[in-house]
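Since the structure comes first, as structure tokens, the remarks are kept for the end.
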Amino acid sequence: MELAFGHPKSLKPIQTKYCPGCGHGVIHRLIAEVIDEMGLQLKSVITNPVGCSIWADLYFDFDSVQPAHGRTPAAATAVKRMLPDHLVICYQGDGDLAAIGTAEIIHAANRGEKFTTIFVNNAIYGMTGGQMAPTTLVGQYATTAPNGRDPIGAGMGYPIKVCELLATLGGTKYLARGSVNNPANVKKTKKYIRTAFEAQMRGEGFTMVEILSQCPTNWKMSPAESVGWLEQNMIPFYPLGEIKNTLPAEKEAQA
Amino acid sequence: MSEDIRLMKGNEAIGEAAVRAGCKAYFGYPITPQNELTAYMAVHMLAKGRTFIQAESEVSAINMVYGAAATGVRAMTSSSSPGVSLKQEGISYLCGADLPAVIVNVARSGPGLGGISPSQGDYFQSTRGGGHGDYYTIVLAPKGVQDAADLTYEAFAITEKYRIPVLILADGLIGQMMEGVVLPQPLDPEGFPRKAWAAGHQEEMKRDPNHVTSIHLVPEELEPTILERFKRYDQVKKELCRFEEVQVEEADLVLVAYGTSARVSLGALQAARKLGLKVGLFRPITLWPFPSDRLSELARKGKRFLAVEMSMGQMVEDVRLAVNGQTPVDFYGRCGGIVPSEEEVLAEIQRILAGQA
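Protein chains in written order, with my numbering: chain A, 1 to 255; chain B, 1001 to 1357.
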């Protein structure tokens, strides 16, 4: 009998260290499924960030390169330039990408580097224990925003919409925002990842999928509450969908 | 084939040597006095279809080196003192992940922005690790354009052999001056064998996944990786210590100097010899590993030392550690971008030897 649904080959069959309700596990699985479908397991390299997903190299069953905090797009730039026929995935969280690594992501995107960034936005620092992220919502509690993020009074600034920010850059070809808070959004997110990976392998330019994700531990709520909180608070501010798509139409790309 | 001799700036010679060593990827950021090197790499790397990126910062440049090195190719960056300070984070990661890389510092004066004139004030930073953690980089110090080309060319083989980054510590004078240089044989970057430890080509290499990383959160797992690295450091100390000597055996006073200050010291030595003063020169070529054993041996023979530097006295500490109190060690230095003159060094030689008489 044919196996209709199983564990992706590109993901090791082991339990992760991620907290219950965390989105990283689902996102890892989506990436692994797309890689399996494209037959690229032995031709993939992930550059994993500093943050909770520094563990990614334990779970993906292919090569990895682990750079310094925020420098992931710089390292991924060189990995992809040296291995142009490989699928290079630059996996980053919101602290890594939108705070300490802002220069690296903007310039890699602007150069049109041909790797794919998977940007996991959970609006909080996870591994270090719930500090304010660049994407933390106005009013959202963090250990370093004890009264909630206060953009003006406490000078904490506003949450950064990364897709929209990068969309102005000529090197960016595909910027989409998905979410893993419910099955419908998970399915759409997988489609965005597939589109981005295919564009990368055709050498189109910079591609990124931002994924809104839950962090129940640092949001201080249950996994069930966190998917609702994401729906009610994050999605209205961070709209889902293809924010920028200047890829050639599907038929044209296949030709 | 006749020798390939050219008149080149030190910065250009370093670039040409790197291209000929099969450097496949160069990443840089503009800073004086090494700009000719970045521009040279832009022209020649792009012409050969290799990777050249003007990065958005020195921080990005060194992390691009990290990414390229992780795939097993010959990768390089260059900068000058303030820029090399910015690269220290990346150098620490390169060391932690055991990645080979060549980093060129065409040093200028500091601290802070300092000036753009030559200095040897980066000796401590270069030879003591420079970034966070328990590590060293191999440090090679050229004294001129030929030497800069030769050491850069060889640096790629050295860093690959030991999987320890190699730092070329030149200075603004060596980078900017022109001299004749015989260039080494060009190597094809595509001709090197793939590295078993590198990322990429997993299918072709028929192996399990490789993880290039510097993280080991369990102390009992991290310690063995550091101990293994220090075994390699011991091997480097045994195999790589290099120095040049001029008339040390028949000297009472041995000048100890590297790079530009070694050239000045050689002039002072020649002037001193004309006055009948028994002066020699010991020039470390590897600043790390420092050729301590030979200096110690010379001290046992009763020779005293004068360290000459373009700093307030950094290498002199390694001289004192090597000599370990056996004989006196004096110091003469200029700083702030000033190169000491032969006359100044000669006067210091005369003062020391007169005091001894």
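The beta-carbon is built from N, C-alpha and C at its ideal position, and this holds for glycine as well.
Inset, instruction - In angstroms with no decimal places, state the Cα-to-Cα distance between residue 1064(B) and residue 1053(B). - result: Within the second sequence, residue 1064(B) is the residue found at index 64, counting from 1. Within the second sequence, residue 1053(B) is the residue found at index 53, counting from 1. Cα to Cα, the separation comes out at about 9 Å.
Legend entry - Between the CA atoms of residue 1038(B) and residue 1029(B) - distance to the nearest angstrom: As a position in the second sequence, residue 1029(B) is number 29, starting the count at 1. As a position in the second sequence, residue 1038(B) is number 38, starting the count at 1. When rounded, the distance between both Cα atoms is 7 Å.
Legend entry - Pairwise C-alpha distance: residue 50(A) and residue 1262(B): Numbered from 1 along the second sequence, position 262 holds the residue referred to as residue 1262(B). Numbered from 1 along the first sequence, position 50 holds the residue referred to as residue 50(A). About 44 Å.
Inset, instruction - Output, in chain order, the set of chain B residues within a Cβ distance shorter than 8 Å of residue 62(A). - result: Here residue 62(A) corresponds to residue number 62 of the first sequence, with the count starting at 1. Residues of chain B passing the Cβ test: 1202, 1209.
Inset, instruction - Please list, in chain order, all residues of the same chain as residue 1137(B) whose beta carbon is under 6 Å from its beta carbon, the five residues on each side excluded. - result: Locating residue 1137(B) in the second sequence gives position 137, where the first residue counts as 1. Cβ neighbours of residue 1137(B) beyond the five flanking positions: 1165, 1167.
Legend entry - Residue nearest to residue 1277(B) in terms of C-alpha spacing, selected from 1043(B), 1151(B), 1346(B): Numbered from its first residue, the second sequence carries residue 1277(B) at position 277. Cα-wise, what sits closest to residue 1277(B) is 1346(B).
Inset, instruction - Compute the distance between the beta-carbons of residue 1232(B) and residue 1135(B), then report whether it is under 8 Å. - result: Against the second sequence, residue 1232(B) aligns to sequence position 232. Against the second sequence, residue 1135(B) aligns to sequence position 135. Not in contact: residue 1232(B) and residue 1135(B) (Cβ atoms no closer than 8 Å).
Inset, instruction - Answer yes or no: does any C-beta atom of chain A fall closer than 8 Å to that of residue 1293(B)? - result: Here the question's residue 1293(B) lines up with position 293 in the second sequence. Judged by the 8 Å Cβ criterion, residue 1293(B) is not in contact with chain A.
Legend entry - Residues of the region 1209 to 1230 of chain B with Cβ closer than 8 Å to any Cβ of chain A, in chain order: 1209, 1210, 1211, 1212, 1213, 1214, 1215
Inset, instruction - Can you give me the Cβ contacts of residue 1330(B) inside the same chain, cut-off strictly under 6 Å, excluding the 5 residues immediately before and after it? - result: The residue you call residue 1330(B) lines up with position 330 of the second sequence. Same-chain partners within the cutoff: 1306, 1352.
Legend entry - Closest Cα partner of residue 150(A) within the set 135(A), 163(A), 164(A): In the first sequence, counting from the first residue as 1, residue 150(A) sits at position 150. Of the candidates 135(A), 163(A), 164(A), the one whose C-alpha sits nearest the C-alpha of residue 150(A) is 135(A).
Legend entry - Bridge partners - residue 1195(B), DSSP secondary structure assignment: Start at 1 with the first residue of the second sequence, and residue 1195(B) comes out as number 195. Answer by DSSP bridge pairing: none, since residue 1195(B) is not bridged.
Legend entry - Members of the region 1149 to 1179 of chain B that neighbour chain A once the beta carbon cut-off is set at 8 Å: none
Inset, instruction - Determine the DSSP secondary structure at residue 1357(B), reduced to helix, strand or coil. - result: On the second sequence, position 357 is the one that residue 1357(B) refers to. Confidence in residue 1357(B) is poor, its pLDDT being 49 and thus under 50, which makes the residue's placement unreliable; the coordinate value appears in the next sentence. Three-state result, residue 1357(B): coil.
Inset, instruction - Take every Cβ of the region 189 to 198 of chain A, pair it with every Cβ of the region 20 to 40 of chain A, and state whether three or more of those distances are shorter than 8 Å. - result: yes
Legend entry - Three-state secondary structure assigned by DSSP to residue 92(A): Position 92 of the first sequence, counting from 1, holds the residue named residue 92(A). Residue 92(A) falls in the strand class under three-state DSSP.
Inset, instruction - Report back the beta-carbon spacing between residue 5(A) and residue 109(A) to the nearest angstrom; my notes put them in contact at under 8 Å. - result: Start at 1 with the first residue of the first sequence, and residue 5(A) comes out as number 5. Start at 1 with the first residue of the first sequence, and residue 109(A) comes out as number 109. About 35 Å separates the two Cβ atoms, so there is no contact after all.
Legend entry - beta strand (DSSP E) runs wholly inside the region 1023 to 1109 of chain B, at least 3 long, in chain order: 1025 to 1028, 1051 to 1054, 1075 to 1079, 1102 to 1107
Legend entry - Where residue 1378(B) meets chain A, residues with beta-carbon distance less than 8 Å: The structure shown does not extend to residue 1378(B), since chain B spans only 1001 to 1357, so no value can be given for it.
Legend entry - Proximity test, Cβ basis, 8 Å: residue 1342(B) and chain A: As a first step, residue 1342(B) must be located in the second sequence, where it is residue number 342. Chain A contact via Cβ: absent.
Legend entry - residue 65(A): contacting residues in chain B (beta-carbon distance under 7 Å): Here the question's residue 65(A) lines up with position 65 in the first sequence. Ordered by position in chain B, the residues that pass the 7 Å Cβ test against residue 65(A) are 1067, 1070, 1199, 1212.
Legend entry - Per-residue contacts from residue 1136(B) into chain A (C-beta, under 7 Å): Here the question's residue 1136(B) lines up with position 136 in the second sequence. None at all; the shortest Cβ gap to chain A is about 19 Å.
Inset, instruction - Going by DSSP, name the residue or residues bridged to residue 1009(B). - result: The residue you call residue 1009(B) lines up with position 9 of the second sequence. In the DSSP output, where bridge partners are listed per residue, residue 1009(B) has 1178(B).
Inset, instruction - Counting only the same chain and skipping the five closest in sequence on each side, list residues whose C-beta sits under 8 Å from that of residue 1185(B). - result: Position 185 of the second sequence, counted from the first residue, corresponds to residue 1185(B). Answer for residue 1185(B): 1020, listed in chain order.
Inset, instruction - Specify the secondary structure class of residue 1250(B) as computed by DSSP and reduced to three states. - result: Within the second sequence, residue 1250(B) is the residue found at index 250, counting from 1. Residue 1250(B): coil per DSSP, three-state reduction.
Inset, instruction - Classify residue 137(A) as buried or exposed, calling it buried when 16 or more other Cβ atoms lie within 10 Å of its own Cβ. - result: What you label residue 137(A) is simply residue 137 of the first sequence in a count that begins at 1. It counts as buried.
Inset, instruction - Enumerate, from N- to C-terminal direction, the unbroken alpha helix (DSSP H) stretches of 4 or more residues contained entirely within the region 1110 to 1189 of chain B. - result: 1123 to 1127, 1145 to 1162, 1172 to 1176
Inset, instruction - Report the rounded CA-to-CA distance for residue 239(A) versus residue 166(A), giving the unit in angstroms. - result: Counting from 1 along the first sequence, the entry for residue 239(A) is found at position 239. Counting from 1 along the first sequence, the entry for residue 166(A) is found at position 166. Taking the straight line joining both Cα atoms gives about 15 Å.
Inset, instruction - For residue 20(A), I'd like the list of residues in its chain whose CB is within less than 6 Å of its CB, leaving aside the five on either flank, ordered along the chain. - result: Along the first sequence, one-based indexing puts residue 20(A) at 20. Closer than 6 Å at the Cβ level, and outside the excluded window around residue 20(A), lie 223.
Inset, instruction - Consider the Cβ of residue 1102(B): report whether some Cβ of chain A lies at a distance smaller than 8 Å. - result: As a working mapping, residue 1102(B) is identified with position 102 in the second sequence. False, the Cβ-Cβ gap to chain A never drops below 8 Å.
Legend entry - Bridge partner(s) assigned by DSSP for residue 208(A): Here residue 208(A) is taken as the residue at index 208 of the first sequence, counted from 1. Answer is 117(A), 175(A), bridged to residue 208(A).
Legend entry - Collapsed DSSP secondary structure at residue 1230(B) in the structure displayed: The sequence position of residue 1230(B) within the second sequence is 230, counting from 1. Looking at residue 1230(B) - three-state DSSP - the assignment turns out to be helix.
Inset, instruction - With 8 Å as the threshold, decide whether the Cβ of residue 1025(B) is near any Cβ in chain A. - result: Here residue 1025(B) is taken as the residue at index 25 of the second sequence, counted from 1. Yes, its Cβ sits closer than 8 Å to a Cβ of chain A.
Legend entry - Other residues of its chain near residue 1170(B): CB distance less than 8 Å, five sequence neighbours each side excluded: One-based indexing of the second sequence puts residue 1170(B) at position 170. For residue 1170(B), where only same-chain residues beyond five positions count, the Cβ hits under 8 Å are 1010, 1014, 1104, 1105, 1106, 1107, 1141, 1142, 1148, 1259.
Inset, instruction - Spell out whether any CB of chain B is found under 8 Å from the CB atom of residue 57(A). - result: On the first sequence, position 57 is the one that residue 57(A) refers to. Yes - at least one Cβ of chain B is within 8 Å of the one on residue 57(A).
Legend entry - Boundaries (first-last residue) of the beta strand (DSSP E) holding residue 144(A): Counting from 1 along the first sequence, the entry for residue 144(A) is found at position 144. Counting along the chain, residue 144(A) falls outside any beta strand (DSSP E), and DSSP gives it neither H nor E.
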